[in-house]
Amino acid sequence: MNIILLGAPGSGKGTQSQNLSTLYNLNHLSTGDLLRAEITANTPLGQQAKTIMDSGNLVSDDIVIAMIANHLNQQGTLFDGFPRTLNQAQALDTLLATHNNSQIDYVIELDVDQEEIIQRMLARGRADDNEHTIRNRLNVYNQQTKPLIDYYQQQNKHHKIDGSGAIEDITARIQTIIEPTS
Ligand code: B4P
Numbered sequence: 042m043n044i045i046l047l048g049a050p051g052s053g054k055g056t057q058s059q060n061l062s063t064l065y066n067l068n069h070l071s072t073g074d075l076l077r078a079e080i081t082a083n084t085p086l087g088q089q090a091k092t093i094m095d096s097g098n099l100v101s102d103d104i105v106i107a108m109i110a111n112h113l114n115q116q117g118t119l120f121d122g123f124p125r126t127l128n129q130a131q132a133l134d135t136l137l138a139t140h141n142n143s144q145i146d147y148v149i150e151l152d153v154d155q156e157e158i159i160q161r162m163l164a165r166g167r168a169d170d171n172e173h174t175i176r177n178r179l180n181v182y183n184q185q186t187k188p189l190i191d192y193y194q195q196q197n198k199h200h201k202i203d204g205s206g207a208i209e210d211i212t213a214r215i216q217t218i219i220e221p222t223s
């Protein structure tokens, strides 16, 4: 089983991924976490990514697609924060088909009010969590990532859930999509 968690920055993709990857024994791949690990290790890629991430823009498709390709294994995968552009989504379909003859099964969109998102991220206080950067990231999401909703709706894979409330309640909402009879 392969799942994509889609949603604005700060909508809780990373938070829900921890619960879901344990529940369904999935390989959790977060492009944000992979990029932050490159920054911490001070690699050339990390140095390049840091400036882009601090501004709230997206790292280039080539870089993140190559990172994902390097981390795919034979296990089902939970994609957290990837894809973020149409180009990444198309590349992922090809990668899954050629790598282990699989496909995306569920795309779960976490829907959270924009003002709540800003408050959550200001409280989190990561390097890229200042108000100016957050607003840019929300614009980037609306322009470059939201078109993915159409892409996956056309494939009947898109499910939108309310991403506000208690973390466990949100996980339970996602479970009703993945295990509709339970
Ligand atoms: P990401 O690391 O993907 O980060 P995110 O979108 O900010 O966070 P997420 O939605 O996972 O929220 P979280 O659970 O942490 O991206 C960072 C940057 O990396 C991007 O801006 C971009 O530059 C780059 N990047 C990453 N992937 C890329 C790609 N594919 N292509 C190009 N560039 C890429 O939750 C946020 C906060 O809310 C936390 O403090 C959490 O504790 C809190 N929270 C969560 N659930 C809550 C709830 N139910 N109630 C209250 N608070 C909650």
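Numbering (the numbering used here), first residue to last: 42 to 223. All C-beta atoms in this analysis are idealised placements derived from N, C-alpha and C, irrespective of residue type, glycine included. No experiment lies behind these values; they were computed from the predicted model shown.
Check                                                                                            : Outcome
Per-residue DSSP class, three states only, for residue 145                                       : coil
Cβ-heavy atom distance, residue 94 to the ligand B4P, below 8 Å                                  : yes
Which listed residue (117, 169, 140 and 105) has its alpha carbon closest to that of residue 124 : 105
Heavy atom of the ligand B4P within 8 Å of residue 148 beta-carbon                               : no
C-alpha distance - residue 65 paired with residue 58, whole-angstrom precision                   : 10 Å
Beta carbon of residue 137 nearer than 9 Å to that of residue 47                                 : no
Pairwise C-alpha distance: residue 108 and residue 79                                            : 11 Å
Run of the beta strand (DSSP E) containing residue 201, from where it starts to where it stops   : 199-203
Residue 56: first and last residue of the uninterrupted alpha helix (DSSP H) it sits in          : 54-64
Distance, residue 221 Cα to residue 88 Cα                                                        : 44 Å
Contact check, residue 122 vs residue 67, beta carbons under 9 Å                                 : no
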